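**Student:** One point on numbering: in UniProt numbering, the residue at position 85 of the sequence shown is 85, and numbering is uninterrupted. By construction, the Cβ of each residue, glycine as well, lies at the ideal position given by its N, Cα and C atoms. As the structure is a prediction and not an experimental result, all values here were calculated from the model.
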Amino acid sequence: MADSFCLFCRHHSLVFFHFCLLFCFFLSISTVKIITLKNIPDHRSPDRKSALFVTVSRSLLLFPPYTNSRKNSNFAEKETMFELAFIAVLVAAAIYIFATLRKNGFFVIIEPSVTTSPKHLDKPLTVYYKYHLGPYQNVCEIINEAKHILSSSVNSATYFGIYYDNPENTDSHFLQSAIGVVFGNDGKDLHEEKYAKELTDNGFEKFVLPKVERAVQAVQPSTGGFASFLALVWFTYSTIKKYISDNKLETTYAVEFYSHDEIDVIFPLDDASEFLVKDYQSIDKLESDAAKKRFDSSEEDSESDPEGADEPEDEEKEN
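(1) Could you give the residue range of the alpha helix (DSSP H) that holds Ser259?
(2) Out of curiosity, what's the CA-to-CA distance linking Ser113 and Val208?
(3) I'd like to confirm the pairing. Which residues does DSSP put opposite Tyr127 in its beta bridges?
(4) How long is the line joining the alpha carbons of Ser69 and Ala85, rounded to whole angstroms?
(5) Can you give the beta carbon distance from Leu276 to Asn185, rounded, assuming they're within the 8 Å contact cut?
(6) Closer than 8 Å is the cut-off here; do at least three beta carbon pairs connect the stretch 118 to 135 with the stretch 173 to 180?
(7) Taking C-alpha atoms, which residue in Thr100, Val154, Ile244 and Ser117 lies nearest to Leu190?
(8) If you pair each beta-carbon of the stretch 251 to 259 with each one of the stretch 149 to 164, do three or more pairs fall below 8 Å?
(9) How far does the alpha helix (DSSP H) with Ser245 in it reach, from first residue to last?
(10) Report all residues from its chain with a CB closer than 6 Å to the CB of Leu269; omit the five preceding and five following residues, and keep chain order.
(11) Any heavy atom of the ligand NAD closer than 6 Å to the Cβ of Gly161?
(12) Are the beta-carbon atoms belonging to Ile263 and Leu230 less than 7 Å from one another?
(13) Are His236 and Gln220 close, meaning C-beta to C-beta below 7 Å?
(14) In whole angstroms, what is the alpha-carbon distance linking Leu90 and Thr223?
(15) Mind listing, in chain order, the continuous beta strand (DSSP E) runs of no fewer than 3 residues lying wholly within the stretch 104 to 180?
(16) Run the CB neighbour count on Tyr136, radius 10 Å, all protein chains shown included, and call it buried at 16 or more, exposed below.
(17) Report the option in Lys292, Phe226 and Ser288 whose CA atom is closest to the CA atom of Lys103.
(18) My output table needs one value for Asp201: the three-state DSSP class, helix, strand or coil.
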């Protein structure tokens, strides 16, 4: 089972996740400390207002400590308004981060299921693809190229990726995938013919994905950004793996479809071999070819060394 983009995402997702945790930690500490100040008897006391401001500033490390008492009541009231506005901004920021993460697949319940009518693959699809050999993190370049070609199309485009290998037990140099765009379904084109010609001119090849009768399917919200792929790798695929394991299902290749608001992950349970593009090779052949190239390269190096070593001898004879 292929965890797309995992080699690239895992490091960056940790940084992103830790940042969110740190922000929530500071917000929680500030809120708790502010609530505890209610124990001060006079809620209009200048000392309380000063302590409240210091609590927020110290806990968030945004302002230096300030402990002078407030003698002017008007100034103290303005300060209280500032404190409330400051807290409101923090709460709004937290809500915004939560909503953004949710739109990208975080904090949502992913429910994999076995279906007889998987999204997109419930009918034959005409696609244009490029074969890719190497780390999955680099397939974004192909998707961006297809997006650029279809940027002026009247209809919105759906992009796809077929991931043939599991990066957990396959060397990144041998990971195979087919990446491209859905051009038609059930024999009907979704885009004008000129785009098909442009895709072909740029190295994309035409292929037909078969109708699938039975598959494991999971749907994740997405905005098409980096955070969506973090959620895909760290949460969605983990949920799918558990579902497949619990139900003792046998899956091979992962097919992902990318639209403007969601990512559909599908594991065909029948006719999986029909998803193999003509460029696909077995891992054994890839490893054999790589070993042969290394051998040929070492042979060339060994042959070039003696020639270089003979040059000084020839010069000595001439002298």
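**Tutor:** Inspection of the coordinates gives the following:
(1) Run containing Ser259: none; DSSP gives neither H nor E here.
(2) Spanning the two alpha carbons is a distance of roughly 25 Å.
(3) Position check: residue 127 holds Val in this sequence, whereas Tyr was assumed. DSSP, once it has assigned bridges, lists Val182 and Phe207 as partnering Val127.
(4) Any reading at Ser69 must be qualified, since the residue scores a pLDDT of 49, below 50, and its modelled position is unreliable; no value is offered.
(5) Contact between Leu276 and Asn185 is absent: CB atoms are separated by about 20 Å, not below the 8 Å threshold.
(6) Segments in contact, yes.
(7) When only C-alpha atoms are compared, the closest one is Val154.
(8) Result yes; three or more Cβ-Cβ pairs closer than 8 Å.
(9) Boundaries of the alpha helix (DSSP H) around Ser245: Tyr237 to Asp246.
(10) Contacts found: Arg214 and Ala215.
(11) The ligand NAD is absent from the structure shown, which contains no ligands of any kind.
(12) Not closer than 7 Å, so no.
(13) The residue asked about is misnamed: residue 236 is Thr in this sequence, not His. Their beta carbons are under 7 Å apart, which means Thr236 touches Gln220 by this criterion.
(14) About 24 Å.
(15) Here the runs fully enclosed are 113 to 115, 125 to 133 and 159 to 163.
(16) That one is buried.
(17) Checked all of Lys292, Phe226 and Ser288; the closest Cα to Lys103 is Phe226.
(18) The answer is helix: DSSP assigns Asp201 an H, G or I state.
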